[in-house]
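Asks:
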Amino acid sequence: MAEIRFDGKVAIVTGAGGGLGRSHALLLASRGAKVVVNDLGGAADGTGAGKTMAEQVCKEIKDAGGEAVPDYNSVLDGDKIVKTAVDSFGTVDILINNAGILRDISFMKQTDQDWKLVLDVHLNGSRNVTKAAFPVMREKGYGRIIMTTSGAGLYGNFGQTNYSAAKLGIVGLANTLKAEGAKYNVKVNTIAPIAGSRLTAQVMPQNLVDALKPEYVSPLVAYLCSEQCEDTGMIFSVGGGYFSRVAYVEGEGVFLGAEKVSTIEDIQANIDKIKDLSKAAEFTQVMEQSGKILKLMKIM
Ligand code: NAI
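Residues 6 to 305 in the numbering used here are what the sequence shown spells out, letter by letter.
1. Could you please give me the residues that DSSP links to L100 through a beta bridge?
2. Taking 8 Å as the cut-off, does the stretch 245 to 254 touch the stretch 19 to 36 (at least 3 CB pairs, one atom from each stretch)?
3. Would you say the beta carbon of T205 comes nearer than 6 Å to a heavy atom of the ligand NAI?
4. Alpha helix (DSSP H) containing N180: first to last residue?
5. Assign D109 to one of two classes, buried (16 or more other C-beta atoms within 10 Å of its C-beta) or exposed (fewer than that).
6. Looking at V41 and A90, is the spacing between their C-beta atoms short of 7 Å?
7. Please list, in chain order, all residues of the same chain as Q165 whose beta carbon is under 7 Å from its beta carbon, the five residues on each side excluded.
8. Within 10 angstroms of the Cβ of D44, are there 16 or more other Cβ atoms? Answer buried if so, exposed if not.
9. Is the separation between the beta-carbon of A54 and that of V87 shorter than 7 Å?
10. Evaluate P210 with the Cβ neighbour count: other Cβ atoms within 10 Å of its Cβ, from every protein chain shown; 16 or more gives buried, anything less gives exposed.
11. Would G201 and L225 qualify as a contact pair, given that the criterion is a beta-carbon distance under 7 Å?
12. Which same chain residues end up closer than 6 Å to L122 when comparing Cβ atoms and leaving out the 5 residues on each side of it in sequence?
13. Please identify the residue among A104, V193, E270 whose C-alpha is closest to the C-alpha of R27.
14. Quick check: is the beta carbon of T52 nearer than 7 Å to any beta carbon in chain B?
Given below as structure tokens:
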């Protein structure tokens, strides 16, 4: 198979000063991409800022013969990050929304600030950088956008209501953006990674942090960023050498008729059939799903 390369392509990787972002940036640069290494350079809880992290990763890329520029803006200032790409390299072809923080705390103890900051960095940050990059991609008829969700968003995790909500919000953003980008060859895919990093060091034992190297995640991300990738709107679970697609499905369900409204007891009598997923199906857009209901009602 021919080597997949990114020569002539400009990539923004947010939160690329460490962990997964650094690994994505190094891999893309090693295959010819010009990379904007964005990182606010603060602490894992979102406080503080600094230039060292982004600068260090740029140095690593350049020392290996690649091209990179640092960017120190918060993802909330997405327009400034995209400006760095356009001013330095003329355009943006690839955007990896990766920056993230954690403020884990049980829901009862969570402050409004813990909620807001986590939603800001993950959800509003991903939205703001994408909002600035999308018109550039649309105009040129090419774009590859990666969103970073989490198993905590997809499945839940104690103490992470803020993070889970933000991460599943990102999936919603991607679900609709895939439709809006389709005509313009802008593909939007999402990863749910697992990797040892500064963030997971807070919750994982050291042997797992060491074993789950971020480098295991980046090849899938790079593939999704490539011209060769034809998929859009997909979610992938990835880490430690494991790769799998994630999707939500809807059961066959039960149609109790529309001539009359069901009773509460009808629901009780049918709850097992309502919950049954043995004949579940996947929908790629909401009209397919509502079409199913309208057909059962014989409206469509
Ligand atoms: P990390 O802490 O090493 O990387 C996150 C980076 O984002 C840091 O370098 C940080 O300085 C930067 N950052 C934070 N706020 C920023 C802001 N406002 N603007 C720009 N940069 C900012 O952690 P890791 O694990 O590499 O996380 C990367 C992404 O992967 C995050 O979105 C995280 O939620 C997600 N993720 C990671 C998992 C894992 O197992 N490591 C699991 C699921 C999701």
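By construction, the Cβ of each residue, glycine as well, lies at the ideal position given by its N, Cα and C atoms.
Just so it is clear, the structure is predicted and the values come from calculations on it, not from any experiment.
Replies: Concretely, from the data shown:
1. Start at 1 with the first residue of the sequence shown, and residue 100 comes out as number 95. Note: L100 sits in a beta bridge opposite I17, I150.
2. Segment contact: the stretch 19 to 36 against the stretch 245 to 254, fewer than three CB-CB distances shorter than 8 Å; contact not assigned.
3. As a working mapping, residue 205 is identified with position 200 in the sequence shown. Correct: T205 has its Cβ closer than 6 Å to the ligand NAI.
4. For the purposes of this step, residue 180 is identified with residue 175 of the sequence shown, where counting begins at 1. Annotation for N180: the continuous alpha helix (DSSP H) segment containing it runs 166 to 186.
5. As a position in the sequence shown, residue 109 is number 104, starting the count at 1. Buried is the call here.
6. For the purposes of this step, residue 90 is identified with residue 85 of the sequence shown, where counting begins at 1. For the purposes of this step, residue 41 is identified with residue 36 of the sequence shown, where counting begins at 1. One thing to note: A90 has its Cβ within 7 Å of the Cβ of V41.
7. Looking up residue 165 in the sequence shown gives position 160. Taken in chain order, the residues that qualify are D109, A157.
8. Against the sequence shown, residue 44 aligns to sequence position 39. Counting Cβ neighbours within 10 Å, D44 comes out buried, since at least 16 surround it.
9. Stepping through the sequence shown from its first residue, residue 54 is reached at position 49. Stepping through the sequence shown from its first residue, residue 87 is reached at position 82. Between A54 and V87, the C-beta spacing is not below 7 Å.
10. Start at 1 with the first residue of the sequence shown, and residue 210 comes out as number 205. Exposed is the call here.
11. For the purposes of this step, residue 201 is identified with residue 196 of the sequence shown, where counting begins at 1. For the purposes of this step, residue 225 is identified with residue 220 of the sequence shown, where counting begins at 1. Taking 7 Å as the Cβ cut-off, G201 and L225 do not qualify as a contacting pair.
12. Indexing the sequence shown from 1 puts residue 122 at position 117. Contacts found: G51.
13. In the sequence shown, residue 27 corresponds to position 22, counting from 1. Taking only the C-alpha atoms, the option nearest R27 is A104.
14. No chain B appears in this structure, which consists of one protein chain only.
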